[in-house]
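In my numbering, the protein residues as written are 29 to 415. Note that CB positions come from ideal geometry on N, CA and C, so glycine has one too. These notes are about the structure you will find just below.
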Ligand SMILES: [Zn+2]
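Rendered as structure tokens:
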């Protein structure tokens with residue numbers, strides 16, 4: 029569908045509305061229709077950018093006064109559209125060609141891009157928030173104007189690094205989209221890595237024209253990570269049920285086996301064991317489940333040794349065991365809920381300061397959960413040149 033329409037008949041109703049004067053001697057007007065739909069919604073029910081309709085032409089939109097010369101130099105889309113219509117037939121009563129965008133855009137983002145196209149550097153903002161940056165990316169991407177604004181985008185993105193998301197959320201998708209269209213290597217690698225670690229299926233596109241190749245490359249990494257994690261978990265399950273990890277002191281093996289079976293059964297992944305594409309399974313969910321399981325096992329084992337008042341303290345190898353390389357190279361904790369997994373379980377004795385250390389085959393398997401943390405460190409973000 030055309031991203032822009034040229035009005036060929038005079039429509040007085042297109043007058044009015046807010047005006048951005050990018051070029052005071054404008055021979056062209058870009059009219060952005062009004063709209064109230066949220067931009068790039070997370071909710072899948074409204075996961076589509078709402079298209080404008082020709083009925084919307086009857087409403088006044090935001091008018092951006094521009095020069096056709098700058099537009100045609102900067103964008104093939106505008107060049108083809110403007111060259112296709114002769115000025116004789118398409119000039120409106122105000123002496124200008126009216127271009128009507130067929131989608132709703134943020135008028136401020138559109139005006140910022142147009143200022144860049146017209147080399148109005150002094151009008152460019154020193155910083156923008158992530159929302160505006162995404163809107164700028166969407167407008168520039170739609171009309172082939174990425175190059176005109178890219179030098180500014182690099183500066184704005186640098187200033188936003190401190191707010192880089194650490195989990196899979198809407199902001200993360202916006203970063204993936206922005207860094208992909210503007211070819212920002214470091215943020216793209218960091219954001220796609222976090223998405224692979226946290227997502228439980230192909231990432232949402234929020235209705236943005238996010239390339240399928242990007243979504244697929246992230247999901248390949250997620251599937252690989254989930255496969256390796258589940259392989260560790262099922263390896264522990266098989267060792268326990270095969271009697272390879274026994275406990276002669278307090279039946280830790282039976283406790284662990286029973287708890288693990290219940291947990292996997294509740295998740296619906298006891299049998300059959302899931303296979304690729306592991307829809308609905310995320311690496312972080314596995315990590316959190318195993319952390320809870322080892323805490324639970326530690327508590328039960330403590331009671332078996334010390335009676336009901338026994339307490340258990342895990343050496344929290346996993347507290348910060350999983351890290352994400354942020355765009356600035358600073359390690360950030362991946363999750364705050366993966367405490368207490370891995371490592372040996374120390375069971376407090378009756379004398380404070382003299383913990384009774386319990387070693388057995390089952391406890392060594394619990395320590396094996398700690399290996400799951402390390403898997404995230406091996407995940408590489410997607411390289412821009414591959415998508
Ligand atoms: Zn034991």
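Please name the residue or residues paired with residue 91 in a DSSP beta bridge.
DSSP, once it has assigned bridges, lists 47, 59 as partnering residue 91.
Backbone secondary structure at residue 195 - three-state DSSP
DSSP places residue 195 in coil when its eight states are reduced to three.
Between residue 176 and residue 145, how many whole angstroms is the CB-CB distance? I'm expecting something under 8 Å.
That pair is a contact at about 5 Å.
Would you kindly work out how many angstroms separate the C-alpha atoms of residue 361 and residue 258, rounded to a whole number?
Residue placement at residue 361 is poorly supported in this model, since its pLDDT is 36, which falls under 50; the coordinates still yield a value, given next. Each residue's Cα considered, the two are about 22 Å apart.
So, is residue 306 buried or exposed, given that buried needs 16 or more other C-beta atoms within 10 angstroms?
The residue is buried, with at least 16 neighbouring Cβ atoms inside 10 Å.
Given residue 174 as reference, the closest of 150, 195, 282, 205 once Cα atoms are compared:
That would be 205, whose Cα lies nearest to the Cα of residue 174.
My output table needs one value for residue 243: the three-state DSSP class, helix, strand or coil.
Helix, per DSSP.
Between the stretch 197–211 and the stretch 389–405, do at least 3 Cβ pairs fall closer than 8 Å?
The stretch 197–211 is not in contact with the stretch 389–405.
Starting from the C-beta of residue 215, find all residues in its chain whose C-beta is less than 8 Å away, skip the five residues before and the five after it, and write them out in chain order.
The residues are 185, 189, 192, 203, 206, 207, 355.
Taking its Cβ as the centre, do 16 or more other Cβ atoms sit within 10 Å of residue 66, making it buried, or is it exposed?
Classification of residue 66: exposed, given that the 10 Å Cβ count is below 16.
At what residue ranges does the stretch 140–191 contain a whole run of the alpha helix (DSSP H), taking only runs of 4 or more?
Entirely contained in the stretch 140–191, the alpha helix (DSSP H) runs reaching 4 residues are, in chain order, 158–170, 174–187.
Should residue 278 be listed as close to ligand 1, given that the test is whether its C-beta is under 7 Å from any heavy atom?
Taking 7 Å as the cut-off, one finds at least one heavy atom of ligand 1 near enough to the beta carbon of residue 278.
Within the present structure, is the beta-carbon of residue 324 separated from the nearest heavy atom of ligand 1 by less than 7 Å?
Closer than 7 Å to some heavy atom of ligand 1: that does not describe the Cβ of residue 324.
Compute every distance between the C-beta of residue 273 and the non-hydrogen atoms of ligand 1, then say whether any falls below 7 Å.
False, no ligand heavy atom lies under 7 Å from that Cβ.
In chain order, which alpha helix (DSSP H) runs of at least 4 residues are fully inside the stretch 227–289?
As far as the stretch 227–289 is concerned, its whole alpha helix (DSSP H) runs of at least 4 residues are 240–269.
Report yes if the CB atom of residue 105 is closer than 8 Å to the CB atom of residue 171, and no otherwise.
In this structure, residue 171 lies closer than 8 Å to residue 105 by Cβ.
Using the three-state DSSP reduction, which class does residue 33 fall into: helix, strand or coil?
Strand at residue 33.
Inter-residue spacing [alpha-carbon to alpha-carbon] between residue 212 and residue 182
If you draw a straight line from the Cα of residue 212 to the Cα of residue 182, it is about 7 Å long.
Residue 126 - DSSP class collapsed to helix/strand/coil
In the structure shown, residue 126 sits in a strand (DSSP, three-state: E or B).
List the endpoints of the continuous alpha helix (DSSP H) containing residue 96.
Element bounds for residue 96: 96–102.
Three-state secondary structure (DSSP) of residue 415
The DSSP-derived three-state label of residue 415 is coil.
Let me know the secondary structure DSSP gives residue 209 once reduced to three states.
In the three-state scheme derived from DSSP, where H, G and I count as helix and E and B as strand, residue 209 is classed as helix.
Take residue 269 and list the residues in its own chain whose beta-carbon comes closer than 8 Å to its own, dropping the five residues that flank it on each side.
Taken in chain order, the residues that qualify are 285.
CA nearest to the CA of residue 291, picked from 304, 265, 232, 163
Nearest C-alpha to residue 291 among 304, 265, 232, 163: 265.
For ligand 1, I want to know if residue 208 counts as a neighbour, meaning its beta carbon is within less than 7 Å of at least one of the ligand's heavy atoms.
No; taking the cut-off as 7 Å, the Cβ of residue 208 has no heavy atom of ligand 1 nearer than that.
Applying the 10 Å Cβ sphere with the 16-neighbour rule, what's the burial state of residue 293?
Its Cβ having fewer than 16 others within 10 Å, residue 293 is exposed.
For residue 282, does the count of other Cβ atoms within 10 angstroms reach 16, so buried, or fall short, so exposed?
Counting other Cβ atoms within 10 Å of its Cβ, residue 282 stays below 16 and is therefore classed as exposed.
Rounded straight-line distance, which links the Cα of residue 120 to that of residue 70:
Approximately 40 Å, taken between the alpha carbons.
Going by DSSP, which residues form a beta bridge with residue 119?
DSSP lists 125 as the bridge partner or partners of residue 119.
Quick check: the Cα distance between residue 163 and residue 133, rounded to an integer number of angstroms?
Straight across, the Cα-Cα distance linking residue 163 with residue 133 is about 7 Å.
Have a look at residue 58 and residue 301 and give me their C-alpha separation to the nearest angstrom.
Approximately 56 Å between the Cα atoms of the pair.
Looking only at C-alpha atoms, which of 128, 310, 253 sits nearest to residue 404?
Nearest C-alpha to residue 404: 253.
For the candidate residues 159, 304, 168, 240, whose alpha-carbon lies nearest to that of residue 141?
Here the closest residue by C-alpha is 168.
The alpha helix (DSSP H) spanning residue 392 covers which residue range?
Judged by DSSP secondary structure, residue 392 falls within the alpha helix (DSSP H) whose first and last residues are 389–396.
Should residue 150 be labelled buried (16 or more other beta-carbon atoms within 10 Å of its own) or exposed?
Exposed: under 16 other Cβ atoms inside 10 Å.
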